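**Student:**
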Amino acid sequence: MDSIAVFCGSSIGASEAYKEGAIFLGKELAKRNITLIYGGASVGVMGTVADTVLREGGKVIGVIPTLLEEREISHKHLTELIVVNSMHERKSKMMELADGFIALPGGPGTLEEFFEVFTWNQIGLLQKPCGILNINHYYDLLIELFDHMQNEQFLQAKSRNALLVDEDVVGLLDKCAAYVPPAVKTYQTNK
Numbered sequence: 031m032d033s034i035a036v037f038c039g040s041s042i043g044a045s046e047a048y049k050e051g052a053i054f055l056g057k058e059l060a061k062r063n064i065t066l067i068y069g070g071a072s073v074g075v076m077g078t079v080a081d082t083v084l085r086e087g088g089k090v091i092g093v094i095p096t097l098l099e100e101r102e103i104s105h106k107h108l109t110e111l112i113v114v115n116s117m118h119e120r121k122s123k124m125m126e127l128a129d130g131f132i133a134l135p136g137g138p139g140t141l142e143e144f145f146e147v148f149t150w151n152q153i154g155l156l157q158k159p160c161g162i163l164n165i166n167h168y169y170d171l172l173i174e175l176f177d178h179m180q181n182e183q184f185l186q187a188k189s190r191n192a193l194l195v196d197e198d199v200v201g202l203l204d205k206c207a208a209y210v211p212p213a214v215k216t217y218q219t220n221k
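The following block contains the structure:
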């Protein structure tokens with residue numbers, strides 16, 4: 031794994047644990063020589079993980095749309111900052127550059143980005159690991175929802191099992207490195 035896209039908040043969140051988790055992830059990415067691909071902001075959890083990777087001597091590529099370049103305060107000290115025209119271009123570029131994806135705590139934008147790459151993996155447009163770093167149990171309810179989707183037969187077991195979840199940075203990165211994509215989603219006819 032040469033690069034991982036991290037989806038996360040442009041806010042720092044209510045708990046110091048979110049910042050600490052972002053710092054630990056940034057240190058581990060730099061230690062493993064994995065390039066961080068992220069949304070290009072200098073604020074919030076986004077800025078924390080990027081600053082940490084850079085401080086530890088790692089590489090960081092930010093991808094930010096012109097619409098958010100000033101609002102999210104684009105990071106001026108990255109290895110590379112790619113400015114695109116739209117949110118769609120941002121996600122497309124991040125998907126192209128990354129060998130895997132991790133969601134840290136964030137809001138609806140973080141979930142939207144993560145759900146798109148997870149769905150694209152399900153239907154075979156991507157074959158890359160998708161992980162959730164469940165810092166401070168932030169994603170417990172979402173994980174419960176994925177289990178509910180599987181129980182109610184709206185998510186196949188192989189797709190649910192492909193969702194990598196860990197509370198520990200090292201554990202999640204190890205799972206990403208060992209990831210073997212499942213077969214592409216299949217459909218059953220209604221009878």
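Just so you know, we're using this note's numbering here: the sequence shown kicks off at 31 and counts up by one.
C-beta atoms are modelled at their ideal positions from N, C-alpha and C, and glycine is treated no differently.
Being a predicted model, the structure only gives us computed values, none of them experimental.
(1) With a Cβ-Cβ cutoff of 8 Å, do A60 and V75 count as a contact?
(2) DSSP state of I153, grouped into three classes?
(3) Would V195 and N151 qualify as a contact pair, given that the criterion is a beta-carbon distance under 8 Å?
(4) Which residue's Cα is closest to the Cα of E143: S122, L127, S41?
(5) Hey, quick one: how far does the beta strand (DSSP E) through D198 stretch, first residue to last?
(6) According to DSSP, is P138 helix, strand or coil?
(7) Taking just the CA atoms, how far does A208 sit from I64?
(8) Does the Cβ of E146 have 16 or more other Cβ atoms within 10 Å, making it buried, or fewer, making it exposed?
(9) Under DSSP, the beta strand (DSSP E) around Y48 begins and ends at which residues?
**Tutor:** Inspection of the coordinates gives the following:
(1) Their beta carbons are not under 8 Å apart, which means A60 does not touch V75 by this criterion.
(2) helix
(3) Going by C-beta atoms, V195 is not nearer than 8 Å to N151.
(4) S122
(5) Unbroken run through D198: none, as it is neither H nor E.
(6) Under the three-state reduction of DSSP, P138 is assigned to helix.
(7) 15 Å
(8) buried
(9) Y48 -> not in any beta strand (DSSP E); alpha helix (DSSP H) instead, spanning 46-61.
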